[in-house]
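A quick write-up on the structure given underneath.
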Ligand code: ADP
Ligand code: ASP
Ligand code: MG
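Numbering (this note's numbering), first residue to last: 404 to 856.
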């Protein structure tokens, strides 16, 4: 059985018209397994409702949950009106019942959060996952109105994780076992529709895989069923040379390697969750990124080996970064200095994006958060600390080693009078990182893209 795993993101799930398009795309496959995100904006609104409840603003939080309910009821009503079917009344009632139950659960979680006066990571995950819980059920029901044999499958039964809320780690062994049941569903002629982004811990609590986590759900399932392809259907025609929202001349890449795509996602390209490629890579499954609204366009194919003869393949950027410079009290850095620095980072589970060292200091670039103030205090034991905020990180991916000199020359020419905080290049990984002021990031990215691509 050749299975295709298809994932549709928030914009693909925006309204009744896009739901129809999603279902029409699914019809083209013999054995599709479908993963869907929450409808556009829903996850953000859910988190906001949780935060409001924690601040004691329960009324406002409940207004959000009501608006989420109304929006989903309207999508279903509009869908059924445009796609008349004898079962419509039945479908509409079952959708309304399901949404009502989920919203009532959400309201209970919000009330609990208000009483606690804080939004715990566990509650945040339970609340944030409601969007996918609702959208996956409703889409499967709407499929019935098109005479499709769509069947909702609860993600908690399949995506087993640890209990690291907000960024849970999948239990691959259990996921592989649980995915066996999907093949039975497919063999009986049904199309499973599963909510992305969330799963379940050993304690049976809801966990999430991090923002944009539905991509990861898709590849975990794709790996488990040894899919023929994993297809990420979104609102752009593939992975572009850079974020097309900010760089209008950016072009979709025909092909790229798992490695380069992972680096791109990790360094800020929102089009993929950074862990997406791992399960695919392990089984050598090609991943396609395709445009929902232009399905005829080829999109990007991501595979193990992909070579190119360009100076540089793509560029990512990340806003809201900070740099921390720790200078050793002694003038020559002892060998334990870096260990001490990274031990503090490890304690807070903070990942570093770029590093630069001198004989007695280290500068690290990482995502900004409130934690960094505390971190600065902890570093005082190791050395004197300077924390600088409002930085941006720009990353060139897939740099040709032979072009390193040419690239750096062109970058310095482009930067002109823009002050540079940090620069690093790895020949092995073909990555070039630049840290500059946040406010100059987009303009600099546009200039560099013009010059290098
Ligand atoms: P979905 O809801 O389908 O998951 P996302 O909004 O998460 O969609 O991801 C698609 C968006 O990612 C695009 O609309 C685009 O703005 C953004 N993006 C950022 N970097 C890139 C890139 N290099 N290539 C393509 N899209 C990118
Ligand atoms: N709905 C979640 C988010 O907004 C997961 C996803 O869309 O991939 O991050
Ligand atoms: Mg996404």
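We treat Cβ as the ideally placed atom computed from N, Cα and C, and that holds for glycine.
Remember, predicted model here, so these are calculated numbers, not experimental data.
(request) Can you have a look at residue 487 and say buried or exposed, based on whether 16 or more other CB atoms are within 10 angstroms of its CB? (result) exposed
(message) For residue 582, which residues in the same chain have their Cβ closer than 8 Å to its Cβ, ignoring the five residues on either side in sequence?
(response) 561, 624, 627, 628
(request) Buried or exposed for residue 751, please, with buried defined as at least 16 other CB atoms from any protein chain shown within 10 angstroms of its CB. (result) exposed
(request) Mark residue 640 as exposed unless 16 or more other C-beta atoms lie within 10 angstroms of its C-beta, in which case mark it buried. (result) buried
(request) Could you name the residues that DSSP lists as bridge partners for residue 422? (result) Its beta-bridge partners do not exist; DSSP assigns none.
(message) Let me check you understand the geometry: is the CB of residue 433 closer than 6 Å to at least one non-hydrogen atom of the ligand MG?
(response) no
(request) List the residues that DSSP assigns as beta-bridge partners of residue 411. (result) 439, 636
(request) Indicate, with yes or no, if the ligand ADP has a heavy atom lying under 6 Å from the CB of residue 568. (result) no
(request) Keeping to the same chain, check which residues put their C-beta closer than 7 Å to that of residue 650; ignore five residues upstream and five downstream. (result) 848, 849, 852
(request) Locate the alpha helix (DSSP H) running through residue 485, then write down its first and last residues. (result) 461-485
(message) Could you check whether the Cβ of residue 616 sits closer than 6 Å to any heavy atom belonging to the ligand ASP?
(response) yes
(request) Please state whether DSSP places residue 785 in a helix, a strand or coil. (result) coil
(message) I'd like to confirm something about residue 610: is its beta-carbon nearer than 6 Å to some heavy atom of the ligand ASP, or not?
(response) no
(request) For residue 661, verify whether its CB is less than 6 Å away from any heavy atom of the ligand ADP. (result) no
(request) Verify the contact flag: residue 412, CB atom, against every heavy atom of the ligand MG, threshold strictly below 6 Å. (result) yes
(message) Check for me: the beta strand (DSSP E) holding residue 725 runs from which residue to which?
(response) 717-731
(message) Given 6 Å as the limit, tell me if residue 679 has its C-beta closer than that to any heavy atom belonging to the ligand ASP.
(response) no
(message) Looking only at its chain, what residues have a beta carbon closer than 8 Å to the beta carbon of residue 747, apart from the 5 residues adjacent to it on each side?
(response) 778, 781, 782, 785
(request) Between the Cα of residue 579 and those of 793, 647, 686, spot the shortest distance and give me the residue it belongs to. (result) 686
(request) Would you decide whether residue 408 is buried or exposed? Buried here means 16 or more other CB atoms lie within 10 Å of its CB. (result) buried
(message) Is the separation between the beta-carbon of residue 667 and that of residue 719 shorter than 7 Å?
(response) yes
(message) For residue 520, count the other beta carbons within 10 Å of its own beta carbon; 16 or more makes it buried, fewer makes it exposed. Which is it?
(response) exposed
(request) Identify, in the order they occur along the chain, each residue of the same chain with its Cβ nearer than 6 Å to the Cβ of residue 435, setting aside the five sequence neighbours on each side. (result) 407, 409, 429, 594
(request) Would you tell me roughly how many angstroms separate the C-alpha atoms of residue 638 and residue 694, rounded to the nearest one? (result) 5 Å
(request) Give a yes or no on whether the C-beta atoms belonging to residue 765 and residue 706 are separated by under 7 Å. (result) no
(request) On the DSSP bridge assignment, give the partners of residue 595 in chain order. (result) 554
(message) Could you check whether the Cβ of residue 646 sits closer than 6 Å to any heavy atom belonging to the ligand ADP?
(response) yes
(message) Runs of 3 residues minimum, wholly inside the stretch 780-848: which ones carry the beta strand (DSSP E) assignment?
(response) 786-800, 825-829, 834-840
(message) Quick check: residue 502 and residue 465, are their CB atoms within less than 7 Å of each other?
(response) no
(request) With a cut-off of 8 Å on the beta carbons, I'd call residue 537 and residue 492 a contact; round off their distance for me. (result) At roughly 20 Å, the Cβ-Cβ gap does not stay under 8 Å, so residue 537 and residue 492 are not in contact.
(message) Need the endpoints of the alpha helix (DSSP H) that residue 541 sits in, please.
(response) 533-548
(request) Examine the ligand ASP and report whether any of its heavy atoms sits within less than 6 Å of the Cβ of residue 440. (result) yes
(request) Could you pull the start and end residues of the alpha helix (DSSP H) that residue 667 belongs to? (result) 661-669
(request) Go ahead and pull the three-state DSSP assignment for residue 689. (result) coil
(message) Please list the terminal residues of the continuous alpha helix (DSSP H) segment that includes residue 494.
(response) 491-519
(message) Taking the straight line between their C-alpha atoms, what separation do you get for residue 552 and residue 546?
(response) 7 Å
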